[in-house]
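By full-length UniProt numbering, the letter at position 81 of the sequence shown is numbered 81, and the numbering carries on one by one without gaps.
Positions of the beta carbon are idealized from the N, C-alpha and C atoms, including for glycine.
Presented below is the structure to which this report refers.
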Amino acid sequence: MSTATRQRKRRPRGKNQRRETLAAFAFLSPWIIGFLVLTAGPMIISLVLSFTNYDGLQETRGVGWDNYEKLLSDPKVRKSLSNTLIYAVMIVPSTMIVSLALASMLSRIGRRSAGVFRTLFYLPEVTPKVAIGVLFLLLFNGQVGMVNWALGLVGIDGPQWSTDEAWVKPGLVLMNLWSVGGTVVIYLAALNNVPRDLYEAADLDGVSRWQRFRHVTVPMISGALFFTLIIQTISALQTFDEAYAAFYGSAASASYSSEAALFYLIYLFQQAFQFLHMGYASAMAWLLFVIIMIITAIQVKVSKRFVYYEGGDR
């Protein structure tokens, strides 16, 4: 076949590839535009503002690294960051354990019943976070809350969930365990994809249920566990809505003075929109971004030893 003939055959394929590429970019363009306008653009602007004294009212001028130096000496930054990290350490494993337990129970019942319960478990996910914060005040009120009333029925004197600093974060953890439906659905899908022949082989070897769970189930769903670990950690470090609605955003919490619920994003919000320290708030946002990146990088690094990927090394 001559060179000219081969070139003529290649031309239509090249045109089709260009058309497919343009069509792909056309379909991706809403996301690309949205990412540039709503995510990348504001991130760049906030990075620039973090080196200024911008407050929206006075003339903006550059302050160099002053905002970042102030972060290191601000006691409320340390307090809010400490509250956030402690809360993350409490809520992430709690969510994963409860979700895995519920998913394991759902995987053992019939498909029709599992569909009903899966829907019921997922419904709290669509509940507004602000509503959950208000519900916290109703259920965990130390005097008239339903939680303490239920504990009183079994002879337990319930704590002051909303005012005792030692119980504020545990109370929020218990409240947020109500909305674990999304994680339950992920774990249920992972459990249903575990090959049945592995369980049959384990039964033939006479292993116990715990050994089968530890050596078969957990390795086979480790990818889903790792995914939810990262997502739940990022979500916990960005906690805002429930705590703000319960402790800072309602008339019932107007007299609340404890800093046990002062999470990092709440303090960032206060600096930006109450005190109008936009430049300082931007520096706080970038500090949180760096912290999340570091924690995620550590999780990815450690996961290489524990996460099993089908067709690859564990």
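*Is residue 288 close to chain C, meaning its C-beta is less than 8 Å from at least one C-beta of that chain?*
Absent from the structure is chain C; it holds one protein chain and no more.
*If you run the structure through DSSP and keep just helix, strand and coil, what is residue 52?*
The three-state secondary structure of residue 52, taken from DSSP, is strand.
*Using alpha carbons as the reference points, say which of 182, 221, 297 and 164 lies closest to residue 198.*
Of all alpha-carbon atoms in 182, 221, 297 and 164, the one lying nearest the alpha-carbon of residue 198 is that of 221.
*asked:* Counting C-beta neighbours from all protein chains within 10 Å, is the total for residue 245 16 or more, i.e. buried, or is it exposed?
replied: Residue 245 comes out buried.
_residue 106 versus 188, 202, 16 and 268, residue with shortest Cα-Cα distance_ = Cα-wise, what sits closest to residue 106 is 188.
*Uninterrupted alpha helix (DSSP H) stretches inside the region 77-157 (no shorter than 4 residues)*: Counting whole runs of 4 or more residues, the region 77-157 contains the alpha helix (DSSP H) stretches 111-122, 129-139 and 146-153.
*Do you know offhand how far residue 178's Cα is from residue 124's?*
Each residue's alpha carbon lies about 7 Å from the other.
*residue 24 burial status per 10 Å Cβ neighbour count (16 or more: buried)*: It counts as exposed.
*How should residue 255 be labelled, buried or exposed, when 16 other C-beta atoms within 10 angstroms of its C-beta is the threshold for buried?*
Residue confidence is low: residue 255 scores 48 on pLDDT, short of 50, so the model does not pin down where it sits. Its coordinate-derived value is still stated next. Looking at its Cβ environment, which holds fewer than 16 other Cβ atoms inside 10 Å, residue 255 is exposed.
*Going by alpha carbons, who is nearest to residue 231 out of 93, 103 and 157?*
Closest by alpha carbon: 93.
_Residue from 118, 82, 113 and 68 with nearest C-alpha to residue 99_ = Comparing Cα positions, the closest option is 118.
_With a threshold of 8 Å, are at least 3 pairs of Cβ atoms found where one atom belongs to the region 125-136 and the other to the region 153-160?_
No, they do not touch.
*For residue 240, which of 259, 269, 215 and 164 has the nearest alpha-carbon?*
A check of alpha carbon separations from residue 240 across 259, 269, 215 and 164 identifies 269 as the nearest.
*Classify residue 62 as helix, strand or coil using the three-state DSSP reduction.*
Assignment of residue 62 by DSSP, reduced to helix, strand and coil, places it in the strand class.
*By how many angstroms is the C-alpha of residue 97 removed from the C-alpha of residue 325?*
The shown model of the chain, from 1 to 314, leaves out residue 325, and the question about it has no answer.
*Can you name the start and end residues of the alpha helix (DSSP H) that residue 197 belongs to?*
Its alpha helix (DSSP H) spans residues 196-204.
_Just verifying my parser: in three-state terms, what is the DSSP assignment at residue 192?_
DSSP, reduced to helix, strand and coil, places residue 192 within a helical segment of the structure shown.
*Identify whether residue 33 lies in helix, strand or coil by the three-state DSSP scheme.*
Helix, per DSSP.
*Quick one: grab the DSSP three-state call for residue 163.*
DSSP, reduced to helix, strand and coil, places residue 163 outside both helices and strands of the structure shown, so it counts as coil.
*Just the Cα atoms here: how many angstroms apart are residue 172 and residue 26?*
Spanning the two alpha carbons is a distance of roughly 44 Å.
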